[in-house]
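Just so we're aligned, residue 1 is where the sequence shown starts under UniProt numbering, counting upward by one.
Written below as structure tokens is the structure these notes are about.
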Amino acid sequence: MRNTIKLCEGSEIKGEDKYCATSLEAMLDFIIMKLGKNVEALSTEVMKKETKKQEYTITNGVKKEGGPKVMVCHKLDYVYDVFYCHKIENSVTYTVSLEGADGSRVKAVSVCHRDTSKWNPKHLAFQMLNVKPGSVPICHFLFQDTIAWVPKQN
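Now the structure itself:
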């Protein structure tokens with residue numbers, strides 16, 4: 001709970017819009033204010049309830065969703081529902097079809113941050129990849145309880 005409060009009350013990264021929504025209605029109001037009414041919600045879907053840790057293969061390619069605007073809402077640990085919604089400039093969303101070694105299928109949502117130059121240099125992504133802020137894009141998959149909001153493509 002302490003981390004949730006710290007995250008919600010902490011300062012934004014330059015170029016980030018953030019908001020902690022305590023209801024679905026508040027989340028939608030914020031999304032509409034930032035992205036407009038014509039939006040689509042994307043989340044990672046695992047087709048099999050229980051899967052073990054395993055290697056996955058991309059099966060049907062990668063599909064770009066929306067445009068350069070994406071708002072991601074992460075479910076946080078708290079005594080009631082709290083979603084940390086944020087938009088970081090210059091990020092792109094993709095959906096990826098994956099198949100596990102055991103045949104399980106996943107429709108995963110991924111976000112690529114093209115400009116990480118303003119991020120904290122101690123961010124875990126930089127440590128794991130042994131890179132510096134702003135040197136390469138950082139891409140990651142979203143958990144099942146995370147929602148990526150993107151403008152609908154016509």
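Ideal placement from N, C-alpha and C gives every residue a C-beta, glycine not left out.
ask   = Is it true that the stretch 50 to 67 meets the stretch 21 to 34, where meeting means three or more beta-carbon pairs spaced less than 8 Å apart?
value = Too few Cβ pairs lie closer than 8 Å, so no.
key: Alpha carbon of ILE31 to alpha carbon of LYS49, nearest angstrom   = Taking the sequence shown and counting its residues from 1, one reaches residue 31 at position 31. Taking the sequence shown and counting its residues from 1, one reaches residue 49 at position 49. In this structure, the alpha-carbon of ILE31 lies about 29 Å from that of LYS49.
request  = Taking the CB atoms as reference points, tell me whether HIS86 and LYS18 lie closer together than 8 Å.
outcome  = Working through the sequence shown from its first residue, we reach residue 86 at position 86. Working through the sequence shown from its first residue, we reach residue 18 at position 18. Yes, they are a contact pair.
request  = Identify which residue in SER110, HIS140 and VAL109 has its Cα closest to the Cα of LEU124.
outcome  = The residue you call residue 124 lines up with position 124 of the sequence shown. Of the residues SER110, HIS140 and VAL109, the one whose Cα lies closest to the Cα of LEU124 is HIS140.
query = Does the distance from the CB of THR146 to the CB of CYS73 come in under 8 Å?
reply = Residue 146 sits at position 146 when you count from the first residue of the sequence shown. Residue 73 sits at position 73 when you count from the first residue of the sequence shown. Here THR146 is near CYS73, since their CB atoms are less than 8 Å apart.
inquiry  = So the candidates are ASP115, PRO137 and SER110; which of them puts its Cα closest to the Cα of GLU89?
reply    = Along the sequence shown, one-based indexing puts residue 89 at 89. Closest in C-alpha terms to GLU89, from the list ASP115, PRO137 and SER110, comes ASP115.
key: Same chain only: Cβ atoms within 8 Å of ASP77, ignoring 5 sequence neighbours per side   = Within the sequence shown, the letter at position 77 stands for residue 77. Cβ contact annotation for ASP77 (same chain, cutoff 8 Å, sequence separation greater than five): MET1, ASN3 and THR4, in chain order.
request  = Note down, one range per segment and in chain order, each beta strand (DSSP E) of at least 3 residues found wholly within the UniProt domain "BURP" (1 to 152).
outcome  = Taking only runs of at least 3 residues, the beta strand (DSSP E) segments lying wholly in the UniProt domain "BURP" (1 to 152) are 16 to 21, 39 to 42, 56 to 65, 71 to 76, 82 to 88, 91 to 100, 105 to 113, 138 to 141 and 146 to 151.
ask   = Taking buried to mean at least 16 other C-beta atoms within 10 Å of its own C-beta, is GLY83 buried or exposed?
value = Sequence index remark: in the sequence shown, residue 83 carries index 83 (1-based). Before going further, note that residue 83 is Phe rather than Gly in the sequence given. So PHE83 ends up on the buried side.
Residues of its chain near VAL46, where Cβ-Cβ distance is below 6 Å and the 5 sequence neighbours each way are ignored = As a first step, residue 46 is located in the sequence shown; it is residue number 46 there, counting from the start. Excluding sequence positions up to five before and after VAL46, its CB lies within less than 6 Å of the CB of VAL106, all in the same chain and listed in chain order.
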